[in-house]
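Notes follow the structure.
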Amino acid sequence: MFPLERQQKIIDLLKVNNVLKITELTEALNISTDTLRRDLNLLEKQGKIEKIYGGAKIAESKFFESSMEERMVSHLEEKEKIAAKCAEHIEDGDCIYLDSGSTTLQIAKYIKDKKNLTVVTNSIPIINELMNSSIELIIIGGKIRRNEQSVVTYDYLFNFNELNILKTFICASGITIEKGISDYNLEEAFTRKKIIELSNLNYVAADSTKFGKNVTVHIAPLEKIDYIITDSHINKSFISKFNKTNTNLVITE
């Protein structure tokens, strides 16, 4: 099979399966891992696919949100480091909000030993992760978003004003200096806006690929965000720009 034919086959397989592991692709194409990696590197440079932890997926469109399952494995190492750094900002006795998202799910894994911690969340995976811990859990009520495995709520279903949240950790699909943070879903954005207004300190946990993007729905300007925690792959030009804002940019090692 010629390289161009093989690379098109990779794209076709990913269109059908969304995400495939390296082993699945090498078996399907009957090629070596080295050959596959060369093809994936080329296709990624062309913007046709994205390499993820242990595999690959079709490149994300700027207009659509990738699935929760895809984000669970995409940039996993970076998200784990971001989560560990976020956990350093969480103290015994805090009442925190953990947003739905793949990065905030990683945070849940690092806080199980905190004492007298209360976690408010709209994320079903986070509830499952913390269910058998000593952490007090509060899940907001509302409509289930199956694809996101989250609950989106409305004033008439949940009394936000009764919450006394010290720190909020939310995800974002887009971060820019000019527009602040944004996301793809209107209902998720509504919940995040409400929580941001209630919380004493607002954190955004987002990997470096989110910077420079302004996606569908505006959530909040930067002045509403106290900290953005991201990974070391962030473009250095953003660092100098953030130095001119009141938002603290924290970069993992």
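Heads up: the sequence shown runs through residues 1 to 253, numbered per the UniProt record's numbering.
Quick reminder that beta carbons are idealized off the backbone N, C-alpha and C, glycines included.
Model, not experiment: these values are computed from the prediction.
Alpha carbon to alpha carbon, how far is residue i from residue j?
i, j, result
"L137", "I90", "15 Å"
"K57", "N185", "22 Å"
"F64", "E44", "Residue placement at F64 is flagged as unreliable, the pLDDT there being 45, under the threshold of 50; the coordinate-derived value follows with that caveat. Going by the C-alpha atoms only, they are around 18 Å apart."
"K51", "T191", "31 Å"
"residue 258", "L201", "In the structure displayed, the chain extends from 1 to 253; residue 258 sits before or after that span and is not available."
"K62", "Q46", "Residue placement at K62 is flagged as unreliable, the pLDDT there being 45, under the threshold of 50; a coordinate-derived value is accordingly withheld."
"E188", "D99", "9 Å"
"Y53", "E77", "8 Å"
"I175", "N214", "6 Å"
"K179", "N159", "29 Å"
"M1", "N18", "23 Å"
Take residue i and list the residues in its own chain whose beta-carbon comes closer than 6 Å to its own, dropping the five residues that flank it on each side.
i, result
"H233", "S208"
"E25", "Looking at the sequence itself, residue 25 is Leu, so the reference to Glu does not match. Here the set comprises L36."
"I225", "N202, V204, T247"
"I196", "N202, A220, K224"
"F238", "F211"
For residue i, which residues of its own chain have a beta-carbon under 7 Å away from its beta-carbon, when the five flanking residues on both sides are left out?
i, result
"P125", "L105, Q149"
"A172", "I181, S182, D183, V204, A206, K210, I219"
"A87", "I107, Y110, I111"
"L20", "L13, L14, G55, A56"
"residue 258", "Outside the displayed span of the chain (1 to 253) sits residue 258, for which this structure offers no information."
"K193", "I219, A220"
Since residue i and residue j are thought to touch, with beta carbons under 8 Å apart, how far apart are those beta carbons, to the nearest angstrom?
i, j, result
"I177", "T245", "7 Å"
"I165", "I96", "7 Å"
"residue 313", "L117", "Any answer about residue 313 is impossible in this case: the structure gives the chain only from 1 up to 253."
"residue 282", "D113", "The first residue shown for the chain is 1 and the last is 253, placing residue 282 beyond what the model contains."
"residue 275", "V152", "The displayed coordinates of the chain run from 1 to 253. Any statement about residue 275 would go beyond what the structure contains."
Enumerate in chain order the residues of its own chain whose CB-to-CB distance from residue i is below 8 Å, with the five nearest sequence positions on each side excluded.
i, result
"I49", "I10, I11, L14, L40, L43, A56, K57, I58, A59"
"N235", "S208, F211, G212"
"V250", "K85, Y227, I228, I229, T230"
Which partner residues of residue i appear in the DSSP bridge assignment?
i, result
"G47", "For G47, which the question treats as bridged, DSSP gives no partner whatsoever."
"T176", "G180"
"I170", "V204"
"V215", "None; V215 has no bridge partner."
"G55", "K21, I52"
Just checking residue i against the ligand MN - is the residue's beta carbon closer than 7 Å to any of the ligand's heavy atoms?
i, result
"I177", "As far as ligands go, the structure on display features none, and thus does not contain the ligand MN."
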